[in-house]
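If you use the working numbering, the sequence shown corresponds to residues 187 to 422, in order. We treat Cβ as the ideally placed atom computed from N, Cα and C, and that holds for glycine. Quantities reported herein were computed from a predicted structural model and do not represent experimental measurements.
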Amino acid sequence: MHRSSINTVGILAKDDTFALESKRLTAGESTGIVACESDLVLLFIEGDLTITTADRSHSVSGSAQAYINAGISFEITAGDSQASYLIASCPDAPLVATETHDPKIVTGGVTILRTDRYDRFPDSGLVRGGMFYLDEGKVATYHSHDAAAEVFVFLKGDCDAKVDGHVERFSAGEVLYVPAEEKHELANVGEGRLEVWLTVTPNVTPSHTFCEELNDGTFKRTTPRLDGLDSRPPAA
187 MHRSSINTVG
197 ILAKDDTFAL
207 ESKRLTAGES
217 TGIVACESDL
227 VLLFIEGDLT
237 ITTADRSHSV
247 SGSAQAYINA
257 GISFEITAGD
267 SQASYLIASC
277 PDAPLVATET
287 HDPKIVTGGV
297 TILRTDRYDR
307 FPDSGLVRGG
317 MFYLDEGKVA
327 TYHSHDAAAE
337 VFVFLKGDCD
347 AKVDGHVERF
357 SAGEVLYVPA
367 EEKHELANVG
377 EGRLEVWLTV
387 TPNVTPSHTF
397 CEELNDGTFK
407 RTTPRLDGLD
417 SRPPAA
C-alpha cells in the first residue's frame, strides 16, 4: 500500500496524472511569481499565507484549500511564522517562475475553499475532489476509478483503508495513494467524524466503478465502462 506523511517535505505521491508535494515556507518567505500548465489544488495545513494574482490578494490560514486554474500566475507568501501546505499539479507538471503576473485577462483564477464543510473543487476535466467526511462507524462503498488515481489526506480521525483486499490503519497526517483501477474503501474506526481531503485525477466518467463479489471471492464490475479500455482482471 502506498502511504506517506504530510510531515515529510517533498513528493508524497506521483504518477502520470498528478504529483502531490509537501512544502514549507519560513516566516516572510515567498514562492516568487510562478505558473503551471496544469490545474493546481492546494491544502494549507498551518500558518498564515497570502496568495497574490494579477488583480487580487487572498489571505489564507490553515486549515484551508484552494484551486488554481492552469496557466494562472500566482505568488504564495508566508506570514509571521512558518507555513506548510500540500500542492498537487494535475496532471504532473512543474511550477515555472515568471517575471510578472498575467499581462492580460485570462480564464479562471484562484478559488479559496474551506475544510470545515463539504467544499469541492470547481468542475475540471483534470481533477475532482476536495473535502470528504465519514461518520463514526460508517464504511464507504468498495469501488474503483477507471483510468484515474485517488489520493486521500487524512485530517482527523482513524481509518481502516482497504485497497484490493489489503487493509491498513491510517490516522491524521497520513496520506494514501490508490493507483488507477484498484478497488478501495474507507472505514471510520475512530471516535467522531473522519475528515479527509482527496483528489481524483483525471476527472473521469463514470465517477465511480462499483462491483459485485462473486462466490469465488473475486469481483465482477456492475458499472458500465465508457472509455473503451480493458479493465483489470477480477481481484480481491
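Identify whether residue i lies in helix, strand or coil by the three-state DSSP scheme.
i, result
"residue 345", "strand"
"residue 201", "strand"
"residue 326", "coil"
"residue 375", "coil"
"residue 219", "coil"
"residue 231", "strand"
"residue 188", "strand"
"residue 206", "strand"
"residue 390", "coil"
"residue 366", "coil"
"residue 411", "coil"
"residue 195", "coil"
"residue 352", "strand"
"residue 332", "coil"
"residue 321", "coil"
"residue 146", "Here the chain covers residues 187 to 422 and nothing more, so residue 146 does not appear."
"residue 400", "coil"
"residue 395", "strand"
"residue 357", "strand"
Measuring CA to CA, which of the options is closest to residue i?
i, options, result
"residue 249", "261, 231, 262 and 263", "231"
"residue 254", "272, 243, 268 and 224", "224"
"residue 333", "394, 317 and 408", "394"
"residue 252", "317, 281, 266 and 403", "317"
"residue 280", "187, 415, 212 and 221", "221"
"residue 423", "216, 387 and 373", "The first residue shown for the chain is 187 and the last is 422, placing residue 423 beyond what the model contains."
"residue 413", "405, 389, 401 and 399", "389"
"residue 300", "403, 377, 415 and 247", "247"
"residue 341", "365, 384 and 366", "384"
"residue 298", "257, 239 and 321", "239"
"residue 417", "403, 377 and 366", "366"
"residue 266", "321, 286 and 245", "245"
"residue 424", "271, 270 and 286", "Residue 424 lies beyond the range of the chain shown here (187 to 422); nothing can be said about it."
"residue 392", "410, 404, 405 and 377", "410"
"residue 256", "274, 270, 242 and 243", "274"
"residue 202", "402, 335 and 357", "335"
"residue 260", "272, 402, 242 and 302", "242"
Measure the beta-carbon distance from residue i to residue j and round it to whole angstroms, keeping in mind my assumption that it falls under 8 Å.
i, j, result
"residue 313", "residue 227", "6 Å"
"residue 237", "residue 283", "Between residue 283 and residue 237 the Cβ distance is about 16 Å, and since that is not below 8 Å, they are no contact."
"residue 268", "residue 233", "6 Å"
"residue 386", "residue 329", "The pair is not a contact, with the Cβ atoms about 11 Å apart (cut-off 8 Å)."
"residue 343", "residue 193", "The pair is not a contact, with the Cβ atoms about 17 Å apart (cut-off 8 Å)."
"residue 229", "residue 339", "6 Å"
"residue 277", "residue 204", "6 Å"
"residue 406", "residue 415", "Going by Cβ atoms, the distance from residue 406 to residue 415 rounds to 17 Å, so no, they are not a contact pair."
Which same chain residues, not among the five before or five after residue i, have their C-beta less than 8 Å away from its C-beta?
i, result
"residue 195", "208, 209 and 210"
"residue 319", "304, 379, 380, 381 and 382"
Apart from the five residues on each side of it in sequence, which residues of its chain come closer than 6 Å, Cβ to Cβ, to residue i?
i, result
"residue 198", "190, 206, 208 and 361"
"residue 306", "316"
"residue 363", "188, 199 and 337"
"residue 262", "217, 235 and 237"
"residue 402", "none"
By Cβ distance, which residues of its chain are closer than 7 Å to residue i, with the 5 residues on each side in sequence left out?
i, result
"residue 346", "353, 355, 373 and 375"
"residue 264", "211, 212, 213, 214, 215, 233 and 235"
"residue 408", "396, 397 and 398"
"residue 310", "225 and 389"
"residue 357", "340 and 344"
"residue 323", "374"
"residue 377", "322"
For residue i, is the beta carbon positioned less than 8 Å from some heavy atom of the ligand GDP?
i, result
"residue 301", "Looking for the ligand GDP in the displayed structure turns up nothing, as the structure carries no ligands at all."
Only counting runs of 3 or more residues, tell me where the beta strand (DSSP E) segments fall wholly within the stretch 239–318, in order along the chain.
Along the stretch 239–318, the beta strand (DSSP E) occurs as fully enclosed runs of 3 or more residues at 243–247, 250–254, 261–264, 269–276 and 296–300, listed in sequence order.
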